[in-house]
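Its first residue numbered 1, the sequence shown is counted upward by one per residue in the UniProt record's numbering.
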Amino acid sequence: MEEFADVFPEKLPDGLPPDRGDAMKIETDPTADPPFRPVIRLSIAELDELRKQLDQLLAAGFIKPSTSPYGAPVLFVRKKDGTLRMCVDYRGLNKITRKNRHPLPRIDELLDRFRGARYYSKLDLLSGYHQQRIFEPHTHKTAFRCRYGHFEFNVVPFGLTNAPASFSNMMLRVLDPVLDKWVVVYLDDLLIYSKTKKEHLQHLRSVLALLRKNGLYAKLSKCSFMQDETEFLGHTITKDGIKTSAGLSKAISDWPTPKSTKDVQQFLGLAQFYQQYVSGFAGIALPLSSLLANNTPFKWTDEQQSAFLQLKRAICSAPVLRIFDPDLSPLSKQMHPVSPSVQCCCRLTGKGIPIPSHSLPGKMQSAERNYPVHEQELLAVIHALRTWRYYLDGTKFSVHTDHATLRHFPTQPKLTRRQARWMELLQEYDFDFKYKRGVDNIVPDALSRRPDYREPDPVELYNLSVSLSPDVRDQLVQDYNDDPRLGPIYKDCLDGKVANGYSFQNNLLYFTRRGATTLAIPRHSPIRLTLLHDAHDSATAGHFGFQKTYDNLRRFVYWPHIAKDTQQYVATCEKCQRNKDSQDRPVWCSRCGVPVHIHRSRDIFSVAFIILFSFSFFFYKEGSKIHFAPGCLFPLRFLPVHFC
């Protein structure tokens, strides 16, 4: 560091930064009036700090007195260490400024550059924006007003809309000779990475030499050197991969329960920063994101609370992700779709050991859920290829699937239009399908079969909502206490004495029989009728018969004589009696022996009997056209009915 001590000064040197040909321009709408706003009143402490900082900026040559028609107000914000930072409210100027579309680097692309690195050094520039000039003809647009006068900046101030783009462009030009070789930069943060100590010293020296050459300075107190683990852009970079930042993870862990839609937006905004670490992030967060839909009232239930806690736990216990390395061979991509989800997992193999690299869970669109199963499996492949194109393009890899028929898809002679489009995409990659049984295809198969991705049957869905409803839970607790049979058992469970064959969870009593655990319902609880109605009468139940209704019901709940109650409920269902065909045996005429089928209750049959003795079949047939007879009496032809 002694060799480059001049790159780490205590404060920026006085005077303007060197002219590097990259001075920031502020292009504004020529038809817009120059914005100005009244001076904001400040406290005595803020006025003292304002005077102090103005003197420092004037002495350094960073600002100068102005007579510009522009004028933005000054305000202060408090830093983490308690000191005050002077800010200029440039919202009026930003509104009429033509935006600089220079892109900022993608964080995920920067992280991919660290594969194989073991040593890291981080540099943070000293007041980075102040190390770039403002284009001289445009300095008057940066004018600000305060208690002590009217001033304008000669260097880039904080708060301008194009400042990040302009500064990023300058840093790319300065570091271009070594960029992405052993250094990456994001605004004023530089990270140097190397595989060995010797290489790292050489790389560090080359970067510091470029900073010195271009008159850029770093803040020593914020720099770190020769580290095997470092924080960068919200991630912790290690020799084994990347993981979540301890600081951000703690902030998520300590996040209070949201009280409004705005709180949910803020939490999800922070949590989504780490979604690549959480398998099935979208599915876990679905109860929370559903609150953000238009015209949706904020209602925080047990479902949202469970998703909120699960998401925090998943982020705080996130694994270390291996940085993608194409040199590790072979590369395999495991996938498995189960409507409405598409699950993919990218794994690397190093020294024969599978290494998780990326997981890609997602949800199918409504139309995609109607695809045949083999097309849903293929959809997972297409989804992964489109998302991981930058990893898979030009790389030999294998697709592991538990759907054996996909192995023959490349040679399938007849294709639908959709399959033909997919085939065109598949031919751009070098891969092969490998069959892997579902029991061995653990990771993607487990991801796709999460309970919240499965479409439950009506009874399960209803019982899930019942178990989470506070009103129903309170009703059950009251019914437990009033029930002569379950009351003593429930009281023992409250005292910690769980009876044999029962379990106690969330203040509810569960009955266990033959390895199955079901919610215990008191014999005379009014909840029984609600359960019977949903299991038989609801729009999704289908008015099944006794056996199907009973089988669906007993999977989730139990009460004494549940079979008898179910049979009685189904037998007395008015809609079933009115609309279903009778399953009873036909009624026989006791005198003539003719069977009469009654298809539905309240059906009316009128029979006109013809007294015949020995007429021809032709007469019988013609007679049936004149006199009505029910079809069940003459299924194939007109039959003679003898007088009884």
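Quick reminder that beta carbons are idealized off the backbone N, C-alpha and C, glycines included. Note that the structure is a prediction, hence the values are computed from the model and not measured.
Can you tell which of the options has the C-alpha that lies nearest to the C-alpha of residue i?
i	options	result
Y148	K213, V74, P177	V74
A293	N507, L84, K262	K262
T139	F324, V155, Q131, T549	V155
R101	A165, A117, K80, L288	A165
F281	Q310, R578, L291	Q310
E27	R85, G116, D89, N162	N162
L201	T411, G215, E3	E3
R205	D189, M226, G542, P488	M226
F114	H235, D482, Q376	H235
Q376	I562, T401, L216	T401
V88	L288, L160, T387, D479	L160
F158	P137, H150, H130	H130
F273	Y569, C316, G21, P258	C316
Q475	F433, K219, P522, M171	P522
Y217	P35, K312, P9	P9
D22	P65, R133, R98	R133
D537	F76, C223, A571	A571
D33	N500, L220, N94, R407	N94
L187	C573, K195, N169, G247	N169
Need the endpoints of the alpha helix (DSSP H) that residue i sits in, please.
i	result
K122	No alpha helix (DSSP H) contains K122, which is instead part of the beta strand (DSSP E) from 119-124.
Q577	574-579
T28	Where T28 is concerned, there is no enclosing alpha helix (DSSP H), given that its DSSP letter is neither H nor E.
A45	44-60
T37	Checking the sequence, you will find Arg at residue 37 rather than Thr. Taken as a continuous stretch (DSSP letters only), R37 belongs to no alpha helix (DSSP H), as it is neither H nor E.
K564	562-571
L519	Premise fails: L519 lies in the beta strand (DSSP E), 516-520, not in any alpha helix (DSSP H).
T387	373-387
Can you tell me whether residue i is buried or exposed? The criterion is at least 16 other CB atoms within 10 Å of its CB, across all chains shown.
i	result
I442	Unreliable placement is indicated for I442, whose pLDDT of 43 sits below 50; no coordinate value is reported for it.
Y70	buried
A420	exposed
D14	exposed
N552	buried
P297	exposed
L425	exposed
D482	exposed
R145	buried
G269	exposed
L58	exposed
P410	exposed
L415	exposed
T301	exposed
L72	According to the sequence provided, residue 72 is Ala. The question's Leu does not apply to it. Looking at its Cβ environment, which holds 16 or more other Cβ atoms inside 10 Å, A72 is buried.
Y550	buried
If you run the structure through DSSP and keep just helix, strand and coil, what is residue i?
i	result
G149	strand
P73	strand
T244	strand
S341	With a pLDDT of 46 at S341, under the threshold of 50, the modelled position of that residue is not reliable, and the figure given next carries that caveat. Looking at S341 - three-state DSSP - the assignment turns out to be strand.
V399	strand
residue 652	One cannot answer for residue 652 here, as it falls past the ends of the chain, which runs 1 to 644.
A5	helix
I527	helix
K414	coil
R20	coil
E303	helix
K259	coil
T405	helix
F308	helix
Q505	strand
K239	coil
K434	strand
F158	coil
For the beta strand (DSSP E) containing residue i, list its first residue and its last residue.
i	result
V183	183-186
D189	189-194
V88	84-88
Q227	224-227
Meets three-Cβ-pair contact criterion under 8 Å: the segment 121-132 and the segment 39-49: no
Does the segment 390-397 touch the segment 422-430, meaning 3 or more C-beta pairs lie closer than 8 Å? yes
Segment contact, 8 Å Cβ cut-off, at least three pairs: the segment 235-246 with the segment 313-322: yes
Given 8 Å as the limit, is there contact between the segment 165-175 and the segment 95-113, that is, 3 or more CB pairs closer than that? yes
Indicate whether the contact test is met: 3 or more Cβ pairs, each with one atom in the segment 527-536 and one in the segment 487-500, closer than 8 Å. no
Would you call the segment 186-201 and the segment 104-121 touching, i.e. three or more CB-CB distances under 8 Å? yes
At least 3 beta-carbon pairs within less than 8 Å: the segment 299-314 vs the segment 275-291: yes
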